[in-house]
Amino acid sequence: MPTKPLTITVAAIALLLSAAHTHAASAVDAYPTKPVRFIVPFVPGAGTDITTRALARKLSEMWGQQVVADNRSGAGGAIAAEITARADPDGYTICLISAGHTVLSASGNPISYDLEKDLQALAQVTSLFYVLTVHPSLPAKSVAELITYARANPGKLNQGSSGTGALQHLSGEMLAYKSGVKFTHIPYKGGAAALAATLAGEVDMSFTTLLSARPHMQSGRLRILGITAGKRSPAAPELPTIAEGGVPGFEANQWYGVITSAKVPKDIVNKLSLALNTAVNAPDVAERLMKDGSTPHGTTPAQFQTHIKSEIAKWRELIKVAGIRLN
Numbered sequence: 000m001p002t003k004p005l006t007i008t009v010a011a012i013a014l015l016l017s018a019a020h021t022h023a024a025s026a027v028d029a030y031p032t033k034p035v036r037f038i039v040p041f042v043p044g045a046g047t048d049i050t051t052r053a054l055a056r057k058l059s060e061m062w063g064q065q066v067v068a069d070n071r072s073g074a075g076g077a078i079a080a081e082i083t084a085r086a087d088p089d090g091y092t093i094c095l096i097s098a099g100h101t102v103l104s105a106s107g108n109p110i111s112y113d114l115e116k117d118l119q120a121l122a123q124v125t126s127l128f129y130v131l132t133v134h135p136s137l138p139a140k141s142v143a144e145l146i147t148y149a150r151a152n153p154g155k156l157n158q159g160s161s162g163t164g165a166l167q168h169l170s171g172e173m174l175a176y177k178s179g180v181k182f183t184h185i186p187y188k189g190g191a192a193a194l195a196a197t198l199a200g201e202v203d204m205s206f207t208t209l210l211s212a213r214p215h216m217q218s219g220r221l222r223i224l225g226i227t228a229g230k231r232s233p234a235a236p237e238l239p240t241i242a243e244g245g246v247p248g249f250e251a252n253q254w255y256g257v258i259t260s261a262k263v264p265k266d267i268v269n270k271l272s273l274a275l276n277t278a279v280n281a282p283d284v285a286e287r288l289m290k291d292g293s294t295p296h297g298t299t300p301a302q303f304q305t306h307i308k309s310e311i312a313k314w315r316e317l318i319k320v321a322g323i324r325l326n
């Protein structure tokens, strides 16, 4: 009978597909069955490192499976992202990224991966802000006074940053562009070095974290003029935003989020995203991160992917209109 072999073949294919589906579903349910590598794009002790390790500990507790923080610093975070993009797409390699990664993608400088095509979002886990700090010798006690001084002394003010193309650098470029002034950019090897230079008076101003700046503000060695967030923060309600200080539309937030290879199956992506959202909002993790000035966040993969896209577009536009050279 001509139809019998076909019937058998179809039935066999259906059985195989059903078995494959069952196997895939059980693999997702069982995930993770081995240690997960959580890549950190910067050195130990940095904000990304603190955040990654806090999340890794909580995920290990939740899963009963080890989550290992792996510091792979270099190239402004690009090395960590590249490793993640090239890793086996099984969900066992994830990576923390910061707003600086979108600046890197917007810069036009060559990198070996595409943040939007070779990687996919899991969740934004925190948001935080920088503070604009100046050396006390500078005769400016507000953002408005800083701008007035910069206009009266063109090219005189030096801005230290953690490196060319870093978010701290671009925050200064945004401030200069939106207020119509010019700062001389002095890059350092990391945010700690830029802060030390500001404290020593080697540079006039820099952007840094509230956690790093607050002790020096209290001792009088540093003056904080404002924060980069779009609205005042519960962590420091007494500090005005830079927009309030006389630069309408200024906002340059730092944030941390988690990504993985673009080829990781969506079921694993969704499971990872749910776990990350649960971990970052656990009371002990949230309390730990808030001490560093971070506000626990939480998004779906689609929401974080949209955020990444909009951030790249924002920085690309600023680099273009302000004529910023990043190489």
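Each residue of the sequence shown is one higher than the last, beginning at 0 in numbering that gives the first Met the number 0. For every residue, glycine included, the Cβ atom is placed at its ideal position computed from N, Cα and C.
{"Item": "Under the three-state DSSP convention, the category residue 222 falls into", "Value": "strand"}
{"Item": "Those residues which DSSP pairs with residue 184 across a bridge", "Value": "158"}
{"Item": "Between the CA atoms of residue 215 and residue 235 - distance to the nearest angstrom", "Value": "15 angstroms"}
{"Item": "Proximity below 8 angstroms, CB of residue 291 to CB of residue 194", "Value": "no"}
{"Item": "Continuous alpha helix (DSSP H) assignments of at least 4 residues falling wholly in the segment 258-319", "Value": "265-279 and 282-289"}
{"Item": "Beta-carbon contacts of residue 222 that lie in its chain and below 6 angstroms, excluding the five residues immediately before and after", "Value": "133 and 135"}
{"Item": "Length of the line joining the Cα atoms of residue 48 and residue 42", "Value": "7 angstroms"}
{"Item": "Beta-carbon proximity of residue 96 to residue 258, cut-off 8 angstroms", "Value": "yes"}
{"Item": "Test item: CB-CB of residue 314 and residue 130 under 8 angstroms", "Value": "no"}
{"Item": "Cut-off 8 angstroms between Cβ atoms - residues of its own chain near residue 93, not counting five sequence neighbours on either side", "Value": "35, 36, 37, 38, 83, 121, 257, 258, 259 and 271"}
{"Item": "Alpha carbon of residue 320 to alpha carbon of residue 177, nearest angstrom", "Value": "11 angstroms"}
{"Item": "Close beta carbons around residue 4, own chain, < 6 angstroms, minus the five adjacent residues each side", "Value": "Reliability of the predicted coordinates at residue 4 is poor, the pLDDT of 48 falling under 50, and the value obtained from them is presented with this limitation in mind. Nothing listed; no residue qualifies."}
{"Item": "Segment contact, 8 angstroms Cβ cut-off, at least three pairs: the segment 265-280 with the segment 54-61", "Value": "yes"}
{"Item": "Given 8 angstroms, three or more beta-carbon pairs between the segment 198-210 and the segment 162-176", "Value": "yes"}
{"Item": "Residue from 159, 147 and 46 whose Cα sits closest to the Cα of residue 201", "Value": "159"}
{"Item": "For residue 49, the three-state DSSP class (helix, strand or coil)", "Value": "helix"}
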